[in-house]
Amino acid sequence: RSEKPGWDYHAEIQAFSHRLQEKFSLDLLKTAFVNSCYIKAEEARRQELGLDRETVALNLRDNSKLSEQGMSFSRSYLTQCFEGAYPDLPAKGIGALVDFLTSQELISYVAQNLSVQDLTLCAEFPVPPDVLQRTFFAVIGALLDSSGPEKTGIFVRDFLIPQLIGKDLFEIWKVVNPMGLLVEELTKRNISSPEPRITRQLGVSTVLPLYFVGLYCDKKIIAEGPGETLLAAEEEAARVALRKLYGYTENRRPWDYSKPKQEQTTEKAISSN
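Per our numbering, the sequence shown starts with residue 1, numbered consecutively.
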């Protein structure tokens, strides 16, 4: 689109800011869309045209500093959010959630839905996912410098945390030995080790058997899980028990968007940076 007549980059930048309903410094927002690969490619193109050294050099700053700032703030803010929402979830679990929400695949998906690629100055087209990720974090960095941590925290919360809807904890956090982790967690709470027992079984003599294994502590069932084998059912039951311990069950309460906690979180995110 930018190669066609009638393209006003300044107006498009302003429109982007209004679409997000955020107050940006337009100079910072423009810088957020400038990638170093674009500057190198443009300078090389000018050099090929035989322009002198002063004309070849572009008077542009790339978005690397803003991107690092946006990435650092986002990770700190999300970490504080999850520590407050799921106090029983261990650091590895929180780290897995933060890694998922700041991953290249997810960030580039969010950026595409906000049409970040249409304004990104990049050497390649279509814009590669890693450049989209860097540009999106640069936009967050520009918002942080323009509107402060509270507004930026709300932006991160509104666009990234909803991506967890419909996601299971153990789809994101890969636990190799769920039963071993469950035993560790129960030991910390002075609870005896779980005893697995078959509670139900279907089609045992067929090619598609189904087993249900229950985990018992002090003669009380704490979780039950299905599986095609006894081992798979036992591991699933362990995952069910861990979800309950961590407060990350499928029927958990919706995310708490109350304002006071969010203000505390943004303050902690800034101090950790």
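Heads up, the beta-carbon is just placed ideally off N, CA and C, and yes, glycines get one too.
Practice prompt. Compare the beta carbon distance of Leu144 and Thr152 with 9 Å and say whether it is the shorter of the two.
Written response: yes
Practice prompt. Using three-state DSSP, classify Thr187 as helix, strand or coil.
Written response: helix
Practice prompt. Verify whether the separation of the beta carbon atoms of Leu169 and Tyr248 is less than 9 Å.
Written response: yes
Worksheet item: To which residues does DSSP link Glu195 through a beta bridge?
Response: Tyr216
Worksheet item: From what residue to what residue does the alpha helix (DSSP H) around Thr135 run?
Response: Pro129 to Ser147
Discussion item. Pairs of beta-carbons, one from the region 6-22 and one from the region 96-107, closer than 8 Å: are there three or more?
Written reply: no
Discussion item. Need the endpoints of the alpha helix (DSSP H) that Lys30 sits in, please.
Written reply: Leu26 to Ala32
Discussion item. Only counting the same chain, and skipping five residues up and downstream in sequence, which positions put a Cβ closer than 8 Å to that of Leu26?
Written reply: His10, Ile13, Gln14 and Ser17
Fill in: Three-way DSSP call (helix, strand, coil) for Gly70 in this model
helix
Worksheet item: When you compare only the Cα positions, how much space is there between Gly70 and Lys167?
Response: 25 Å
Item to complete: Express the C-alpha separation of Val131 and Arg45 in angstroms, rounding to a whole number.
Response: 20 Å
Item to complete: Out of Thr135, Leu89, Glu124 and Asn113, point me to the one whose CA is closest to Arg19's CA.
Response: Asn113
Discussion item. Just verifying my parser: in three-state terms, what is the DSSP assignment at Arg253?
Written reply: coil
Worksheet entry | Own chain, CB closer than 6 Å to Glu235, minus 5 neighbours either side, in chain order | Pro178
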